[in-house]
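To start, the structure under review is shown below, and the notes come after it.
2 protein chains.
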Amino acid sequence: MQKNWVALDAIFNPKAVAVIGASDNPGKLGSHVMRSLTEGRYPGLIYPVNPGKEEILGIKTYPTLSRIPDAVDLSIIVLPADQVPKIIMECQEKRVRGIVLITAGFKEIEDKRGERLQREITELASQFGIKIIGPNTFGMVNLHLPINASFTPEFSLVEKGGISFISQSGGMSHLMGFLSLQYKVGFSKIVGLGNRCNVDFAEMVEYLIEDSQTKVIALYMEGIDHPKKLMEIVRTRGREKPILAYKVGRSHTSDRASQFHTGSLAGKHEIYESAFRQTGILTVGSSEELLDTAKALSRCSLPNGNRVAVLSGQAGPGMAACDVCEMEGLSIPPFTPNTQKRVEELLPPLAIRTNPVDMGPAWYDSEAIKGIVHTVMDDGNIDALVICIMFASANRSAVRILTDLLIEKRVNKPILCCFSAPAGIWDNEIKQLEGAGIPNYPTPERAAKTLVNLFRFKKMRK
Amino acid sequence: MQKNWVALDAIFNPKAVAVIGASDNPGKLGSHVMRSLTEGRYPGLIYPVNPGKEEILGIKTYPTLSRIPDAVDLSIIVLPADQVPKIIMECQEKRVRGIVLITAGFKEIEDKRGERLQREITELASQFGIKIIGPNTFGMVNLHLPINASFTPEFSLVEKGGISFISQSGGMSHLMGFLSLQYKVGFSKIVGLGNRCNVDFAEMVEYLIEDSQTKVIALYMEGIDHPKKLMEIVRTRGREKPILAYKVGRSHTSDRASQFHTGSLAGKHEIYESAFRQTGILTVGSSEELLDTAKALSRCSLPNGNRVAVLSGQAGPGMAACDVCEMEGLSIPPFTPNTQKRVEELLPPLAIRTNPVDMGPAWYDSEAIKGIVHTVMDDGNIDALVICIMFASANRSAVRILTDLLIEKRVNKPILCCFSAPAGIWDNEIKQLEGAGIPNYPTPERAAKTLVNLFRFKKMRK
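Protein sequences, first through last, are from chains A and B. Start counting the first sequence at 1; every next residue gets the next number (this note's numbering). Start counting the second sequence at 1001; every next residue gets the next number (this note's numbering).
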């Protein structure tokens, strides 16, 4: 890394971690943090700090940070807010470079003392060259190390992958984590910025652009104090990685709530939208769309144009996909004459044989399905494919053969699937497809909408 | 039932079923149909018909329909199209009143013989008073009997419930079935209309309005030949039950594909939209929205107005819900002074205490959370509630207590939840909530969007 990322590296890749306020009382956040580290199989050294305990979860516990015999890279702090300045002083003495400050009660509270306290710790940390994630955060996870430096041990269940999620809300981080469990989407880092005392979106984005374990940067944003800094970084370095953002605060009420939540005005939504567009950050409208789109951006190539082939195992889901594509600016063009001829050879006349193709009548003829997909993948009129197949007993093996073809025959065109079946039936096929860069979605509409977003992204970055 | 529904009752509640074209060869649809009936625990008599077999799946098999010694109510037909007229004659001789005609190769094929064949069987059936679901259908299921008269045994995994789904696409029926497995939504009947030779949307809607096992009627539609008949039935009798529709064919391509698929022009989408609105059919824009909204309509009361309270365990998801509500015409108003006072007594000043309320800081104080929800449920300024709580170790028990309160204290206001957690953590709580008429959704946006639809429905039907 060119820039001096010592402090952020101490946070995301620490060799030794102290938990200041560690506990074995399940009613305390300090106990959840200890479980997150241990159950999450953090490979480094863990030093619980608690003056009243000899050991916690069987791990030797120290009365103070200074009594820890060895070096500490990261302190996770869960003590009450008024004790935090003193702890930061101790971190400096111990040469700790990174802090995850879970404690709440700073800028976000009505009491003005909270704001003063936040200014105090920010000044201290900056003077010492210490970086703080938080305060008022659930923490963060780096699934590649792995380290779960949060109060939610269940984040360790999330698979390792290429998406890093930077969030202004712990709740939204949890939601994305749980959705990712359901849809088996892998993450690199999930970071709750909290009140952002000296680590903000701008810095995180810059760090993650250089992070080899991050392929896509996904943001959840309410409102920020220094949007220009973020925009400047995205403008100069954003082309190196896809960045997408889900920003709330479109409505009056939500905008107002944001001010209370993290001490920042969400600000005019339109201004953000336009700044995002100009700098090349793709905007999305919901948590599921953020996950769906980030998954595609982390896996597949971008379409060179807006011409889509829709191939389906049943006509209805194909039509639903066509509706979304066409209503949002994609085109479902005719195939080249050669492709058309080949499709007509392979499909009986009772099928829809023009684009969108209904492959249903060829269910029992795996070779026909293979032939159709093969020829359409090569069609010069086609920039991207959406393939929708709903399970039925008759098409179980056709999907196996289709999966093999899709994985074997690589083309430089995005292919998005909706292979839908009861749990357990196509899990292996879907896992293999996704591993080969072909993302699967729960509905035809979500597959199509994600392709729309890939195209929007491509156009914006052109 | 006032009307003569003998034939449709023979289809949906048969005492004895013949499978014409039954098979034990897994490469044949006739084997899947046999498995659907047997694995789906159909409680009536099953008569496989196949001249080459003595028994199939251990069940005595007959060479022809006429050789079956007892009465048959329903014939499920999977023989090739050209044999179907003869079979219908045999059905008439055997006094079979209902047919599920899975066979394809009728009006939907390019060959004009298909259309002629469909006309022929339609005339025969109508002359005999026989009703046909299909041809060119996956079949149908009635989860209350239960009977799975389809080629997909997995439909029997769907839970019994109050939603009946009438679909012009077998693929969309499968998708809805698989989504319902994932989200544990119960269905009454799932019916693939296929080419609708003499059972169309109009007749099915009229039948289901009188069906005590159906609470909500959900339609998937591409385009129909006699929209006026459907509209007339909905206009005169639609108020008896909620009806909602997902219509594709918004785009040019999808409209054109529809013509091939089921032999009907989808027709101008706007005309349908306006006819639906005028007659009181709620329109939705995706398969997931159809399921989400049908679930709410089958479980909870409608809001008396557009004033929503958003209560969340974390601020971010609450804001996402507010955005959807406000952008789509709902209001997030201030509470009455009494409610506001009570919320301020219960929540520390570091929380967002106005609507939307962030209950996060009270996580460890279950009584406070209980008190807030209790007082907001009674607020005269509030017509509906959206409650969003993302799991964290600290709020596990608060949700248990909140669930008990929501179930015990019934108010005549819709309450929609997004309780999100890894699988296994809140499954019981969510099941109990849904059983008590409080639907749960995977994201705050989907909970909010569903409430928007409840309000749209209420307004349309006023």
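Where is the CB? At the ideal position from N, CA and C, for every residue including glycine.
Q: Measuring only between beta-carbons, confirm whether G171 (chain A) sits less than 7 Å from chain B.
A: To locate residue 171 (chain A), count along the first sequence from 1; it is residue 171. Yes, because at least one Cβ of chain B sits closer than 7 Å to the Cβ of G171 (chain A).
Q: Just the chain B side, please: which residues come within less than 8 Å of A309 (chain A) by C-beta, in chain order?
A: Reading the first sequence from its first residue, position 309 is the one you call residue 309 (chain A). Under the 8 Å cutoff, chain B gives no residues; its nearest Cβ is about 11 Å from A309 (chain A).
Q | Range covered by the beta strand (DSSP E) that runs through N312 (chain A) | A | As a first step, residue 312 (chain A) must be located in the first sequence, where it is residue number 312. Per the sequence shown, the amino acid found at residue 312 (chain A) is Ser instead of Asn. First-last of the beta strand (DSSP E) with S312 (chain A): 308–312.
(Q) Below 7 Å on C-beta distance, what does L65 (chain A) contact in chain B? (A) Mapped onto the first sequence, residue 65 (chain A) falls at position 65. Those within 7 Å of L65 (chain A) in chain B number zero; the least Cβ separation is about 24 Å.
**Q.** Distance, I77 (chain A) Cα to G98 (chain A) Cα
**A.** As a position in the first sequence, residue 98 (chain A) is number 98, starting the count at 1. As a position in the first sequence, residue 77 (chain A) is number 77, starting the count at 1. In a straight line, the C-alpha of G98 (chain A) is about 11 Å away from that of I77 (chain A).
(Q) Could you give the first and the last residue of the continuous alpha helix (DSSP H) run that contains F335 (chain A)? (A) Locating residue 335 (chain A) in the first sequence gives position 335, where the first residue counts as 1. F335 (chain A) -> no alpha helix (DSSP H), and no H or E assigned at all.
Q.
Taking the alpha-carbon of S169 (chain A) as reference, which of A:E108, A:T214, A:G129 has the nearest alpha-carbon?
A. Against the first sequence, residue 169 (chain A) aligns to sequence position 169. The shortest Cα separation from S169 (chain A) among A:E108, A:T214, A:G129 belongs to A:E108.
Q | Residues of its chain near A448 (chain A), where Cβ-Cβ distance is below 7 Å and the 5 sequence neighbours each way are ignored | A | Position 448 of the first sequence holds residue 448 (chain A). Closer than 7 Å at the Cβ level, and outside the excluded window around A448 (chain A), lie A321, V324, C325, V386.
Q) What number of angstroms, rounded off, separates the C-alpha of E1445 (chain B) from the C-alpha of A245 (chain A)? A) Along the second sequence, one-based indexing puts residue 1445 (chain B) at 445. Along the first sequence, one-based indexing puts residue 245 (chain A) at 245. Their backbone Cα atoms lie some 16 Å apart in a straight line.
Q: For the beta strand (DSSP E) holding K1247 (chain B), just list the boundary residues, first then last.
A: As a working mapping, residue 1247 (chain B) is identified with position 247 in the second sequence. Residues 1243–1247.
Q: Could you work out which residues of chain B lie near L157 (chain A), taking near to mean beta carbons separated by less than 9 Å?
A: For this step, residue 157 (chain A) is matched to residue 157 along the first sequence. Simply P1422.
(Q) Considering Cα atoms alone, identify which of B:E1210, B:M1377, B:K1458, B:V1308 is closest to R1410 (chain B). (A) What you label residue 1410 (chain B) is simply residue 410 of the second sequence in a count that begins at 1. Among B:E1210, B:M1377, B:K1458, B:V1308, the Cα nearest to that of R1410 (chain B) is on B:M1377.
Q) Quick one: does T1283 (chain B) have its CB under 7 Å from some CB of chain A? A) Taking the second sequence and counting its residues from 1, the one referred to as residue 1283 (chain B) is at position 283. No, T1283 (chain B) does not count as interfacial toward chain A.
Q: Return the bridge partner residues of N198 (chain A) from the DSSP annotation.
A: Numbered from its first residue, the first sequence carries residue 198 (chain A) at position 198. None, per the DSSP bridge assignment.
Q) Can you tell me where the alpha helix (DSSP H) with N453 (chain A) in it begins and where it stops? A) Walking along the first sequence from the start, residue 453 (chain A) turns up at place 453. Per DSSP, N453 (chain A) belongs to the alpha helix (DSSP H) from 444–461.
Q: Just grab the DSSP bridge partners of M1140 (chain B) for me.
A: Within the second sequence, numbered from 1, the residue matching residue 1140 (chain B) stands at position 140. For M1140 (chain B), which the question treats as bridged, DSSP gives the partners B:A1149, B:V1191.
(Q) Here's the rule I'm using: 16 or more other beta-carbon atoms within 10 Å means buried, otherwise exposed. How should S1464 (chain B) be labelled? (A) Residue 1464 (chain B) lies beyond the range of chain B shown here (1001 to 1462); nothing can be said about it.
Q | Option in A:D211, A:M172, A:V234 with minimal Cα separation from F201 (chain A) | A | Position 201 of the first sequence, counting from 1, holds the residue named residue 201 (chain A). Answer by Cα proximity: A:V234.
(Q) Taking its Cβ as the centre, do 16 or more other Cβ atoms sit within 10 Å of V6 (chain A), making it buried, or is it exposed? (A) The count along the first sequence starts at 1 and reaches residue 6 (chain A) at position 6. It is exposed - the Cβ of V6 (chain A) has fewer than 16 other Cβ atoms within 10 Å.
Q) When we look at the beta-carbon of D1379 (chain B) and count the other beta-carbons within 10 Å, is it buried (16 or more) or exposed? A) Your numbering for residue 1379 (chain B) matches position 379 in the second sequence. D1379 (chain B) comes out buried.
**Q.** Local Cβ density within 10 Å of I271 (chain A), reported as buried at 16 or more and exposed below that
**A.** By one-based count along the first sequence, residue 271 (chain A) stands at place 271. So I271 (chain A) counts as exposed.
Q: Could you tell me the boundaries of the alpha helix (DSSP H) in which A1016 (chain B) lies?
A: Translated into the one-based positions of the second sequence, residue 1016 (chain B) becomes position 16. Here A1016 (chain B) belongs to no alpha helix (DSSP H); instead the beta strand (DSSP E) covers 1016–1020.
Q.
On the DSSP letters alone, give me the boundaries of the beta strand (DSSP E) that V1049 (chain B) sits inside.
A. Taking the second sequence and counting its residues from 1, the one referred to as residue 1049 (chain B) is at position 49. Run containing V1049 (chain B): 1045–1049, per the beta strand (DSSP E) assignment.
Q) What is the C-beta distance between L1330 (chain B) and V1308 (chain B), in whole angstroms, given that I count them as a contact (C-beta under 8 Å)? A) The residue you call residue 1330 (chain B) lines up with position 330 of the second sequence. The residue you call residue 1308 (chain B) lines up with position 308 of the second sequence. So it is a contact: roughly 5 Å between Cβ atoms.
Q: Count the other C-beta atoms from every protein chain shown that fall within 10 angstroms of the C-beta of K1060 (chain B), then say buried if there are 16 or more, exposed otherwise.
A: Mapped onto the second sequence, residue 1060 (chain B) falls at position 60. Exposed is the call here.
Q | Residue closest to T1443 (chain B), alpha-carbon to alpha-carbon, out of A:A362, A:N453, A:H174 | A | Locating residue 1443 (chain B) in the second sequence gives position 443, counting from the first residue. Residue A:H174 is the option with its Cα nearest to T1443 (chain B).
Q. Is A1294 (chain B) close to chain A, meaning its C-beta is less than 7 Å from at least one C-beta of that chain?
A. For this step, residue 1294 (chain B) is matched to residue 294 along the second sequence. No, A1294 (chain B) lies away from the interface with chain A (no Cβ there is under 7 Å from its Cβ).
Q. What are the residues of the region 1202–1228 of chain B that lie near chain A, defined by any Cβ-Cβ distance shorter than 8 Å?
A. Y1220, E1222
Q: Spell out whether any CB of chain B is found under 7 Å from the CB atom of T103 (chain A).
A: One-based indexing of the first sequence puts residue 103 (chain A) at position 103. For T103 (chain A), the answer is no, since every Cβ of chain B falls outside 7 Å of its Cβ.
(Q) Considering only the alpha carbon of each residue, which of B:R1041, B:L1079, B:Q1083, B:D1024 lies closest to E1055 (chain B)? (A) For this step, residue 1055 (chain B) is matched to residue 55 along the second sequence. Looking at the Cα atoms, B:D1024 is the closest of the given residues.
Q) Got a sec: which bits of the region 1109–1131 of chain B sit with their beta carbon under 9 Å from any beta carbon on chain A, in order along the chain? A) I1109, E1110, D1111, G1114
Q | Beta-carbon separation (whole angstroms), L57 (chain A) vs M34 (chain A), contact threshold 8 Å | A | Walking along the first sequence from the start, residue 57 (chain A) turns up at place 57. Walking along the first sequence from the start, residue 34 (chain A) turns up at place 34. Confirmed, Cβ separation roughly 5 Å.
Q. Per DSSP, what kind of secondary structure is M1001 (chain B) in: helix, strand or coil?
A. As a working note, residue 1001 (chain B) is residue 1 in the second sequence. Confidence is the limiting factor: at M1001 (chain B) the pLDDT is only 42, short of 50, which leaves the residue's position unreliable, though a coordinate-based value still follows. Looking at M1001 (chain B) - three-state DSSP - the assignment turns out to be coil, as it is neither helix nor strand.
Q. List, in order along the chain, the chain B residues whose C-beta lies closer than 9 Å to that of L29 (chain A)?
A. For the purposes of this step, residue 29 (chain A) is taken as residue 29 along the first sequence, with counting starting at 1. In chain order: S1393, A1394.
(Q) Less than 7 Å between the beta carbons of G1370 (chain B) and L1405 (chain B), yes or no? (A) The residue labelled residue 1370 (chain B) in the question sits at position 370 within the second sequence. The residue labelled residue 1405 (chain B) in the question sits at position 405 within the second sequence. Gly is not the amino acid found at residue 1370 (chain B); the sequence shown has Lys there. Yes. Within cutoff.
(Q) Applying the 10 Å Cβ sphere with the 16-neighbour rule, what's the burial state of K1247 (chain B)? (A) On the second sequence, residue 1247 (chain B) is found 247 positions in, with the first residue counted as 1. Label assigned to K1247 (chain B): buried.
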